[in-house]
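What follows is one structure encoded as structure tokens, with my remarks underneath.
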Amino acid sequence: MKKTVVLSIRGQQNYIGQEPDVIELVTEGTLEDIAGGWRLHYEETDLTGLQGVNTTIEVQGKTVTLTRDGKLNSQMIFREGESHDSLYRMEFGTLMLTVSATRIVADITEAGGVIDLRYNIEVEHDAAGEIAYHLDIQVKENA
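Using our numbering, the first residue of the sequence shown is number 381, and each one after it goes up by one.
Here's what the structure looks like:
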């Protein structure tokens, strides 16, 4: 089963000593039932600064995988309490990111649901470059 849904996405980046950077987006995407979980897919826009990038989020049990391809390529794996390295390939170069999930709530059904991720990203294994993120996605059936 694959169907069109409305995604309300709120991303917040918290840098040390600065005001949080918040991006909110409402967009159309797809929700698909996959073996052992769910897959969301949507296209990024100018609002997120990632136009030309396709984003796929898979929820399988307590694992959430966020994959981006197009002008930017990356795959981030989130498991609460674990760290995962990821290459972040952009037009001008590649960075090594370490993603550490601090909280994962993923409650998706065929009617929609929520994905709420809190995580830290360390850039090039430099703790001084650590950034705290909060990604909240609400999934609703397209009316």
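Where a beta carbon is used, it is the ideal one built from N, C-alpha and C, also for glycine. On a predicted model such as this, the values are computed, not experimentally measured, just so you know.
Check whether the Cβ atoms of residue 484 and residue 497 lie closer than 7 Å to each other.
The residue labelled residue 484 in the question sits at position 104 within the sequence shown. The residue labelled residue 497 in the question sits at position 117 within the sequence shown. For residue 484 and residue 497, yes; Cβs fall inside 7 Å.
Straight-line CA distance for residue 495 to residue 391?
Mapped onto the sequence shown, residue 495 falls at position 115. Mapped onto the sequence shown, residue 391 falls at position 11. One C-alpha to the other measures close to 12 Å.
Which whole-angstrom value is the C-beta distance of residue 383 and residue 411, which I expect to be below 8 Å?
In the sequence shown, the residue the question calls residue 383 occupies position 3. In the sequence shown, the residue the question calls residue 411 occupies position 31. Indeed they touch by this definition, with Cβ atoms about 6 Å apart.
Buried or exposed (CB count within 10 angstroms, at least 16 for buried), residue 458
Within the sequence shown, numbered from 1, the residue matching residue 458 stands at position 78. That one is buried.
Own chain, CB closer than 8 Å to residue 466, minus 5 neighbours either side, in chain order:
Reading the sequence shown from its first residue, position 86 is the one you call residue 466. Contacts found: 454, 455, 456, 457, 476, 477, 478, 479.
Return helix, strand or coil for residue 436, following the three-state DSSP convention.
Within the sequence shown, numbered from 1, the residue matching residue 436 stands at position 56. Strand.
Going by beta-carbon coordinates alone, are residue 432 and residue 409 separated by less than 7 Å?
Stepping through the sequence shown from its first residue, residue 432 is reached at position 52. Stepping through the sequence shown from its first residue, residue 409 is reached at position 29. Cβ distance not < 7 Å, so residue 432 and residue 409 don't count as in contact.
Which first and last residues belong to the beta strand (DSSP E) in which residue 500 is found?
On the sequence shown, position 120 is the one that residue 500 refers to. Start and end: 492-503.
With residue 442 as the anchor, note down where its beta strand (DSSP E) starts and where it stops.
Looking up residue 442 in the sequence shown gives position 62. Unbroken run through residue 442: none, as it is neither H nor E.
Just the C-alpha distance for residue 505 and residue 523, rounded to the nearest angstrom, thanks.
What you label residue 505 is simply residue 125 of the sequence shown in a count that begins at 1. What you label residue 523 is simply residue 143 of the sequence shown in a count that begins at 1. Spanning the two alpha carbons is a distance of roughly 44 Å.
Are residue 436 and residue 424 closer than 7 Å when you measure CB to CB?
What you label residue 436 is simply residue 56 of the sequence shown in a count that begins at 1. What you label residue 424 is simply residue 44 of the sequence shown in a count that begins at 1. The answer is no: Cβ separation not under 7 Å.
Proximal residues to residue 439 (C-beta, below 6 Å), its chain only, five neighbours per side dropped:
In the sequence shown, counting from the first residue as 1, residue 439 sits at position 59. Same-chain partners within the cutoff: 417, 418, 486, 488.
Three-state class that DSSP yields for residue 410 in the structure shown
For the purposes of this step, residue 410 is taken as residue 30 along the sequence shown, with counting starting at 1. If DSSP states are grouped into helix, strand and coil, residue 410 belongs with the strands.
N-terminal and C-terminal residue of the beta strand (DSSP E) that residue 474 is part of:
The sequence position of residue 474 within the sequence shown is 94, counting from 1. Run containing residue 474: 473-489, per the beta strand (DSSP E) assignment.
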